[in-house]
Amino acid sequence: AQSVAQPEDQVNVAEGNPLTVKCTYSVSGNPYLFWYVQYPNRGLQFLLKYITGDNLVKGSYGFEAEFNKSQTSFHLKKPSALVSDSALYFCAVRDIAQAGTALIFGKGTTLSVSS
Amino acid sequence: KAGVTQTPRYLIKTRGQQVTLSCSPISGHRSVSWYQQTPGQGLQFLFEYFSETQRNKGNFPGRFSGRQFSNSRSEMNVSTLELGDSALYLCASSFEQGENEKLFFGSGTQLSVL
Numbered sequence: 098a099q100s101v102a103q104p105e106d107q108v109n110v111a112e113g114n115p116l117t118v119k120c121t122y123s124v125s126g127n128p129y130l131f132w133y134v135q136y137p138n139r140g141l142q143f144l145l146k147y148i149t150g151d152n153l154v155k156g157s158y159g160f161e162a163e164f165n166k167s168q169t170s171f172h173l174k175k176p177s178a179l180v181s182d183s184a185l186y187f188c189a190v191r192d193i194a195q196a197g198t199a200l201i202f203g204k205g206t207t208l209s210v211s212s
Numbered sequence: 019k020a021g022v023t024q025t026p027r028y029l030i031k032t033r034g035q036q037v038t039l040s041c042s043p044i045s046g047h048r049s050v051s052w053y054q055q056t057p058g059q060g061l062q063f064l065f066e067y068f069s070e071t072q073r074n075k076g077n078f079p080g081r082f083s084g085r086q087f088s089n090s091r092s093e094m095n096v097s098t099l100e101l102g103d104s105a106l107y108l109c110a111s112s113f114e115q116g117e118n119e120k121l122f123f124g125s126g127t128q129l130s131v132l
């Protein structure tokens, strides 16, 4: 069965410091991986995706993610955190058992950036 | 371009009632999917429509249904509401149905079942 795990419910970081939000996955075959962010009382916004190619994927708002096949991980990173980055972050994998765009989401990680 | 629009923003219903939620996708987007978000279960896929046809369905009971109209607008219906149906229901649209398509989400409809 396919699954996504976000091992940390919450990540706290000081503004200006680098941040990492962790994600591991379990899929059969090649994974299609995504990161989305949710701000309070809002829907999700797409940050980046990995389909194939370079293991380092760059996305919106200065975020990037590193795909590691041997560790089955897809961690989200940013070199310098901003207070405005505080939000709920979701890692997701395409559900290949379904046609179309269906995603399997992790439980989410709350990122809190302090000033 | 206007984003994905969901109405209403909030709903309060009682057990046993039924409810219909509406979603207008981004202009030109043909795929609309629905997700349920709860604190306990997180985000779970409900179903996806493409060109008025349901293409995929998640693991939800038959009380949950939907449809898509010729203008790509979609509605989701939940019959015989249960307390556990209280959730944020998110609609997402994409241009195509490709496996690497990114989704554009609306702000959701917060449903409370009393």
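Protein chains in written order, with our numbering: chain W, 98 to 212; chain Y, 19 to 132. Cβ atoms here follow ideal geometry from the backbone N, Cα and C, with glycine treated the same way.
Under 8 Å by Cβ, that's how I've got residue i and residue j pegged, so tell me the actual separation to the nearest angstrom.
i: Y/Gln54; j: Y/Leu64; result: 6 Å
i: Y/Asp103; j: Y/Leu129; result: 7 Å
i: W/Tyr193; j: W/Gly150; result: For the sequence presented, residue 193 of chain W should be read as Ile rather than Tyr. The Cβ separation is near 19 Å, so there is no contact.
i: Y/Cys41; j: Y/Ser83; result: The Cβ separation is near 14 Å, so there is no contact.
i: Y/Leu113; j: Y/Gly46; result: The sequence given here has Phe at residue 113 of chain Y, not Leu. The Cβ separation is near 6 Å, so the contact holds.
i: W/Leu145; j: W/Gly159; result: Their Cβ separation, rounded to whole angstroms, is 11 Å, which puts W/Leu145 and W/Gly159 out of contact at 8 Å.
i: W/Ala199; j: Y/Ser90; result: Not quite, the Cβ-Cβ distance comes to about 18 Å (not below 8 Å), so this is no contact.
Checking the sheet assignment: what are the DSSP bridge partners for residue i?
i: Y/Lys75; result: Y/Phe65
i: W/Asn109; result: W/Ser209
i: W/Phe143; result: W/Tyr133
i: W/Lys166; result: According to DSSP, W/Lys166 bridges with nothing at all.
i: W/His172; result: W/Glu163
i: W/Ile148; result: For W/Ile148, which the question treats as bridged, DSSP gives no partner whatsoever.
i: Y/Thr25; result: Y/Ser40
i: Y/Phe82; result: Y/Val96
i: W/Val180; result: Beta-bridge pairing links W/Val180 to no other residue.
Is it right to say residue i is buried, meaning 16 or more other beta carbons lie within 10 angstroms of its own, or is it exposed?
i: Y/Ile30; result: exposed
i: W/Arg191; result: buried
i: Y/Asn77; result: exposed
i: Y/Val131; result: buried
i: W/Leu173; result: buried
i: Y/Gly34; result: exposed
i: W/Ser211; result: exposed
i: W/Ser123; result: exposed
i: Y/Glu119; result: buried
i: Y/Tyr67; result: buried
i: Y/Asn74; result: buried
i: Y/Gln24; result: buried
i: Y/Leu99; result: buried
i: Y/Gln59; result: exposed
i: W/Pro128; result: buried
i: W/Gly205; result: buried
i: Y/Leu101; result: exposed
i: Y/Gln36; result: exposed
If you drop the 5 nearest sequence neighbours on each side, which residues of the same chain put their C-beta closer than 6 Å to that of residue i?
i: Y/Gln72; result: Phe65
i: W/Ser136; result: The residue asked about is misnamed: residue 136 of chain W is Tyr in this sequence, not Ser. So the qualifying residues of the chain are Ala184.
i: W/Leu130; result: Tyr147, Phe171, Val190
Measuring only the C-alpha atoms, how far is residue i from residue j?
i: Y/Pro43; j: Y/Gly126; result: 12 Å
i: W/Phe202; j: W/Ala189; result: 4 Å
i: Y/Ser111; j: W/Tyr186; result: 19 Å
i: W/Thr169; j: W/Tyr133; result: 18 Å
i: W/Lys166; j: Y/Arg48; result: 33 Å
i: W/Gly140; j: Y/Leu108; result: 7 Å
i: W/Gly197; j: Y/Glu70; result: 14 Å
i: W/Ala102; j: Y/Pro57; result: 16 Å
i: Y/Ala20; j: W/Gln107; result: 33 Å
i: Y/Arg81; j: Y/Leu106; result: 17 Å
i: Y/Ser88; j: Y/Leu121; result: 20 Å
Please decide whether residue i counts as near chain C, where near means a Cβ-Cβ distance under 8 Å.
i: Y/Phe63; result: Absent from the structure: chain C. Protein chains present are W and Y.
Report all residues from its chain with a CB closer than 8 Å to the CB of residue i; omit the five preceding and five following residues, and keep chain order.
i: W/Ala98; result: Ser123
i: W/Val110; result: Leu116, Ala178, Leu208, Ser209, Val210, Ser211
i: W/Leu153; result: Glu161, Ala162, Glu163, Phe164
i: W/Glu105; result: Val118, Lys119, Thr206
Excluding sequence positions up to five away, which residues of its chain have a Cβ less than 7 Å from the Cβ of residue i?
i: W/Glu112; result: Ala178, Leu179, Val180, Val210, Ser211, Ser212
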